[in-house]
Amino acid sequence: MGCVMRKFLSLGLVVAALAACAPNAPQNGPDQDGRLSLRQSSEIGRVGTYLAIARADAGLTIPLRHSPKLQGVAAARAVDLASGGLAPLSDRIAQAGYSACFSAEAVARDAADLRTGVDQMLVDPAARAAILSASPSEFGFLRNGAEQILILARPC
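Our numbering puts the first residue of the sequence shown at 10, with every later residue one more than the last.
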């Protein structure tokens, strides 16, 4: 075995050992450092695009911005929904340190994919009204298994 091959294998073993020791990132939201996984970031970007298209079709040309604080609210709501106890959305938003002049929530259940989830939200009259309203300026989104949770808000 050549020197290059031994170095490559040694590097592979070191990487594998370090990966085995790395803590697992939580599935429902940011990790302890506030970072999202690549999958979560990709999903947030795609949902932001789907929302922007729906809003543009309704004449709203300014897209919603992603908010890390609202991302935390979406993660908290996922825990609430899973446990069956649901704190008021306004309480969860205040706990996240977000001062909201507008807030709304939409949930899609049993959606096969992100697009289907957003479409499901747009069928619900209350969710549709919130998504297509000029009031929100930011969003947080989380897919937790078959549930998709969208939090919309505008800071004061």
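Quick reminder that beta carbons are idealized off the backbone N, C-alpha and C, glycines included.
Nonlocal neighbours in the same chain, by C-beta distance under 8 angstroms from Gly106, ignoring five residues either side
Within the sequence shown, numbered from 1, the residue matching residue 106 stands at position 97. For Gly106, the CB contacts under 8 angstroms within the same chain, skipping 5 residues up- and downstream, are Lys78 in chain order.
Once DSSP output is grouped into helix, strand and coil, what is the label at Gly21?
One-based indexing of the sequence shown puts residue 21 at position 12. Legend: pLDDT at Gly21 = 37, less than 50; position of this residue unreliable, value from coordinates given subsequently. Assigned with DSSP and collapsed to three states, Gly21 falls in helix.
May I ask you to verify whether the region 109 to 122 touches the region 152 to 162, counting CB pairs closer than 8 angstroms and requiring at least 3?
The region 109 to 122 is in contact with the region 152 to 162.
Could you please give the first and the last residue of the uninterrupted alpha helix (DSSP H) stretch that includes Ile62?
Position 53 of the sequence shown, counted from the start, is the residue given in the question as residue 62. For Ile62, the enclosing alpha helix (DSSP H) stretches over residues 47 to 66.
Whole-angstrom Cβ separation of Leu60 and Ile140, contact assumed at under 8 angstroms?
Within the sequence shown, numbered from 1, the residue matching residue 60 stands at position 51. Within the sequence shown, numbered from 1, the residue matching residue 140 stands at position 131. About 6 angstroms; that satisfies the 8 angstroms criterion.
Which word fits Ile102, buried or exposed, when buried means at least 16 other C-beta atoms lie within 10 angstroms of its C-beta?
As a first step, residue 102 must be located in the sequence shown, where it is residue number 93. Residue burial annotation: Ile102 is buried, with at least 16 other C-beta atoms found within 10 angstroms of its C-beta.
Per the contact definition of three or more C-beta pairs closer than 8 angstroms, is the region 139 to 153 in contact with the region 62 to 75?
For the pair of segments examined, the region 62 to 75 was found to touch the region 139 to 153: the number of CB pairs separated by less than 8 angstroms reaches three.
Within 10 Å of its beta-carbon, does Val82 have 16 or more other beta-carbons around it, so buried, or fewer, so exposed?
The residue given as residue 82 occupies position 73 in the sequence shown. Around the beta carbon of Val82, 16 or more other beta carbons sit within 10 angstroms, so the residue counts as buried.
How big is the Cα-Cα spacing for Gly93 and Ser51?
For this step, residue 93 is matched to residue 84 along the sequence shown. For this step, residue 51 is matched to residue 42 along the sequence shown. For Gly93 and Ser51, the distance between alpha carbons rounds to 28 angstroms.
Name the DSSP beta bridge partners of Pro164, please?
Along the sequence shown, read from residue 1 onward, the residue named residue 164 stands at position 155. Pro164 is bridged by DSSP to Ala109.
Let me check one thing: in DSSP terms, what residues is Arg124 bridge-paired to?
Counting from 1 along the sequence shown, the entry for residue 124 is found at position 115. None; Arg124 has no bridge partner.
Beta-carbon spacing of Leu73, Pro145 below 8 angstroms
For the purposes of this step, residue 73 is taken as residue 64 along the sequence shown, with counting starting at 1. For the purposes of this step, residue 145 is taken as residue 136 along the sequence shown, with counting starting at 1. Closer than 8 angstroms, so yes.
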